[in-house]
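Read the structure below first, then the notes.
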Amino acid sequence: MNKFDDPILITGTAGFIGHALAKELLIRGETIIGIDNLNDYYDVNLKISRIEEIKKIANTMNLKWKFHKVSIEDSLKLKKIFEIYQPKIVINLAAQAGVRYSLKNPKSYIESNLTGFFNVIENCRLFKIKNFIYASSSSVYGGNRNLPYSEKNEVNHPVSLYAVTKKSNELIAHSYSHLYGLPATGLRFFTVYGPWGRPDMAPMIFSNAILNDLPIEVYNYGKMIRDFTYIDDVVEVLCRCCHKPATIDEKFDPKIPNPSSSFAPYRLFNVGCSKPVNLMRFIKLLEKNVGKKARIKFKPLQDGDVIETSANTDLLNDWIDYVPNTEIELGLKYFVEWYKKFSSQN
Ligand SMILES: NC(=O)c1ccc[n+]([C@@H]2O[C@H](COP(=O)([O-])OP(=O)(O)OC[C@H]3O[C@@H](n4cnc5c(N)ncnc54)[C@H](O)[C@@H]3O)[C@@H](O)[C@H]2O)c1
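According to numbering that gives the first Met the number 0, the sequence shown is numbered sequentially starting from 0.
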């Protein structure tokens, strides 16, 4: 058998979620092809360390792993990857992430999240991929205040360009699913955190500041609520979705169209822990784990931010018989343990 028979292609493998997913799927015996453009939106060394870690695990356990530095906007190079490896499943995690940065550099969102996404899904069509999974975001709920957020709600009031690109991904996926029968599953992630996390997100920004006696900026005067979702739970959802391509919803009623399913093989799911945490409680838990008090600077709400997120995950539970469940106390403990070790070595 060819070493790279039936691989799973993961885009954005040097990223937080992509790295954790690649490791887990490799350990579960899958062949993984990873691509990432290693852009400098945040510390490139962290991205390289993640790739090195996957490589180390793959080498010691003799697992089937290959990485290429490729940008998903580069249609020619991307097509070559599909031609060489003929993946059976494609998981698109590569994107310009982050809500706040979309006000500073909107073009990068159009390039990675729209042009790049189009190139990925177009190759999925050309190479007749059996299961396409892609990252959407809780940000699509935008100005919606109907909490907890349900996939059945309309999401037509985005408050950031990032959210617009993610909602557009869902719409593009539906058209490909309908026109070409491409099974497409969109996962709306809710504030993912954990070891190897992102330096632009609160757990790392705050831990770093607390450890170094620097002030932390707390927006909306601390009156924010987030449905924090632990990385291992997100990975479990992704692994289960690998074995369950989207199907047509036989009960779909076009007169009362449910946005989460379709007459096409198309599904959308919230991926959240459904245990929203108040920001001030989150900071208290970080202080406890870091072992130091935070110096807090309260600030008004930032443009593009939503005040509260909370996921209804009933549909996900019905679909894969699993929902994220790691308590924030435990998740933050694991995160801070990792962060202390990682930051002392780097
Ligand atoms: N982490 C979260 O809380 C969260 C929440 C909602 C949605 N998401 C989505 O999940 C996915 C993964 O997020 P993450 O937290 O791992 O982010 P991340 O930034 O750590 O990972 C994304 C990776 O994609 C790569 N990338 C970006 N543009 C690319 C391009 N054009 N071509 C190739 N590679 C490119 C980056 O270099 C990075 O390594 C993203 O689509 C993100 O929008 C994440």
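Quick reminder that beta carbons are idealized off the backbone N, C-alpha and C, glycines included.
7 Å or more divides the Cβ of PHE205 from the Cβ of LEU300. By the Cβ neighbour-count rule, LYS298 is exposed, with fewer than 16 other Cβ atoms within 10 Å of its own.
Within the same chain, Cβ atoms closer than 6 Å to the Cβ of LYS46 are found at ALA13 and LEU37, the five residues on either side in sequence being excluded.
A straight-line Cα-Cα distance of about 48 Å links ILE83 and ASN277. Ligand 1 has no heavy atom closer than 6 Å to the beta-carbon of GLU150.
For the pair of segments examined, the region 84-104 was found to touch the region 144-161: the number of CB pairs separated by less than 8 Å reaches three. Contact between PRO194 and GLY271 does not hold, since the beta-carbon distance rounds to 19 Å and is not under 8 Å.
Looking at the DSSP output, SER135 shares a beta bridge with ARG187.
For ARG49, the closest of ALA21, ILE26 and ILE32 by C-alpha to C-alpha distance is ALA21.
Spatial neighbours of SER273 in its own chain (CB-CB distance under 6 Å, excluding positions within 5 residues in sequence) are listed in chain order as ALA310 and THR312.
Positions of the beta strand (DSSP E) runs, each at least 3 residues long and wholly inside the region 180-261, are given as 183-188 and 214-217 in order along the chain. Under the Cβ criterion (8 Å, minimum of three pairs), the region 105-116 does not count as touching the region 215-230. Where LYS22 is concerned, there is no enclosing beta strand (DSSP E), although the alpha helix (DSSP H) around it starts and stops at 15-26.
Taking every protein chain shown into account, the CB of MET203 has 16 or more other CB atoms within 10 angstroms, so this residue is buried. Taking the Cα of ILE31 as reference, the smallest distance to any Cα among VAL43, TYR41 and GLN85 is reached at GLN85. Burial state of THR59 is exposed, judged by a 10 Å Cβ sphere holding fewer than 16 other Cβ atoms. No heavy atom of ligand 1 is found nearer than 6 Å to the CB of VAL305. The three-state reading of DSSP puts ASN61 in coil, since its state is none of H, G, I, E or B.
Not one heavy atom of ligand 1 lies closer than 6 Å to the C-beta of ASP42. Put simply, the backbone Cα of ALA183 is about 15 Å away from that of SER136.
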